[in-house]
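Per the numbering used here, the very first residue in the sequence shown carries number 4; after that it's consecutive. All C-beta atoms, glycine included, are put in the ideal place defined by N, C-alpha and C. Inspection log for the structure reproduced underneath, given as structure tokens.
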Amino acid sequence: MAETSTVARPYAKAAFEYARDHGALDDWAGWLGKLSQVVASHDVQKLLSSPRLTTERKVTLVIEVADANVDDAARRFLATLGEKGRLSTLPAIAEQFERMRAEHEQRVDVTVVSAFALDDKQQQKLAGALKKRLNREISITTQVDPKLLGGVILRAGDTVIDGSVRGRLSRLSEALTA
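Laid out in structure tokens, this is it:
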């Protein structure tokens with residue numbers, strides 16, 4: 004079977020283009036996020052693979068469990084996914100939708116992992132430097148990992164910049180043993 008991201012791409016693109024053209028990017032991002040969390044559940048995956056439930060019933064169950072307020076276009080989108088046996092790809096669709104949305108809004112979602120919690124001033128300074136370098140709006144999410152010892156690791160999409168002390172020590176160790 005084709006890789007999930009490959010299967011999800013045309014659906015994510017169609018959803019994004021519809022939402023963009025109808026000024027509903029926030030709405031679609033919201034319910035796609037909710038529905039993808041529900042669909043990722045092991046129990047829901049079992050329900051979706053059941054031949055006993057009709058496609059319409061599967062779609063209705065996912066919407067009800069997610070408590071998502073979806074419009075008619077979204078229901079048709081979900082019905083299409085159900086008919087094609089692709090409801091389980093919703094998490095990948097939501098992820099790709101968010102990437103397209105960030106690109107459209109010229110925004111980069113950056114995860115900053117640091118040894119210690121960053122205060123607001125440090126986050127703003129980092130966001131300012133990244134905005135200047137990337138020429139995009141920056142949305143920062145922070146995580147703390149004491150194992151880093153110091154410094155930070157930045158993750159923006161597929162790009163990872165390891166400026167941590169642990170990373171530097173690891174690279175030094177590799178250089179010395181090579």
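**Q.** Inter-residue spacing [alpha-carbon to alpha-carbon] between Arg104 and Ser39
**A.** Taking the sequence shown and counting its residues from 1, one reaches residue 104 at position 101. Taking the sequence shown and counting its residues from 1, one reaches residue 39 at position 36. Each residue's alpha carbon lies about 16 Å from the other.
**Q.** Helix, strand or coil at Ser52 [DSSP, three-state]
**A.** Sequence index remark: in the sequence shown, residue 52 carries index 49 (1-based). Coil.
Q: With distances taken Cα to Cα, identify the nearest neighbour of Gly33 among Ser44, Phe19, Leu50 and Asp24.
A: Position 30 of the sequence shown, counted from the first residue, corresponds to residue 33. Checked all of Ser44, Phe19, Leu50 and Asp24; the closest Cα to Gly33 is Phe19.
Q: Counting only the same chain and skipping the five closest in sequence on each side, list residues whose C-beta sits under 6 Å from that of Leu50.
A: For the purposes of this step, residue 50 is taken as the residue at position 47 of the sequence shown. Nothing meets the Cβ criterion.
Q | Alpha-carbon spacing of Leu151 relative to Ala69, whole angstroms | A | As a first step, residue 151 is located in the sequence shown; it is residue number 148 there, counting from the start. As a first step, residue 69 is located in the sequence shown; it is residue number 66 there, counting from the start. So the two alpha carbons sit approximately 37 Å from each other.
Q: Let me know if Leu81 comes out buried or exposed under the rule of 16 or more other beta-carbons within 10 Å of its beta-carbon.
A: Reading the sequence shown from its first residue, position 78 is the one you call residue 81. Buried is the call here.
Q.
Checking the sheet assignment: what are the DSSP bridge partners for Arg60?
A. For the purposes of this step, residue 60 is taken as the residue at position 57 of the sequence shown. DSSP lists no partner for Arg60.
Q.
Assuming contact is defined by CB atoms lying nearer than 7 Å, are Val116 and Ile156 in contact in what I supplied?
A. Counting from 1 along the sequence shown, the entry for residue 116 is found at position 113. Counting from 1 along the sequence shown, the entry for residue 156 is found at position 153. Contact: yes.
Q) I think Leu121 touches Thr144, with their Cβ atoms under 8 Å apart; what is that distance to the nearest whole Å? A) In the sequence shown, residue 121 corresponds to position 118, counting from 1. In the sequence shown, residue 144 corresponds to position 141, counting from 1. Incorrect: roughly 11 Å between the Cβ atoms, too far for contact.
Q) What number of angstroms, rounded off, separates the C-alpha of Met4 from the C-alpha of Glu106? A) Looking up residue 4 in the sequence shown gives position 1. Looking up residue 106 in the sequence shown gives position 103. The pLDDT assigned to Met4 is 46, lower than 50, so where the model puts this residue is not dependable; a value taken from the coordinates is nonetheless given after this. Computed Cα separation, rounded: 29 Å.
**Q.** Among Arg89, Ala118 and Lys134, the one whose alpha carbon lies nearest that of Gly166
**A.** Translated into positions along the sequence shown, residue 166 becomes position 163. Checked all of Arg89, Ala118 and Lys134; the closest Cα to Gly166 is Ala118.
(Q) Can you tell me whether Gln109 is buried or exposed? The criterion is at least 16 other CB atoms within 10 Å of its CB, across all chains shown. (A) Numbered from its first residue, the sequence shown carries residue 109 at position 106. Its Cβ having fewer than 16 others within 10 Å, Gln109 is exposed.
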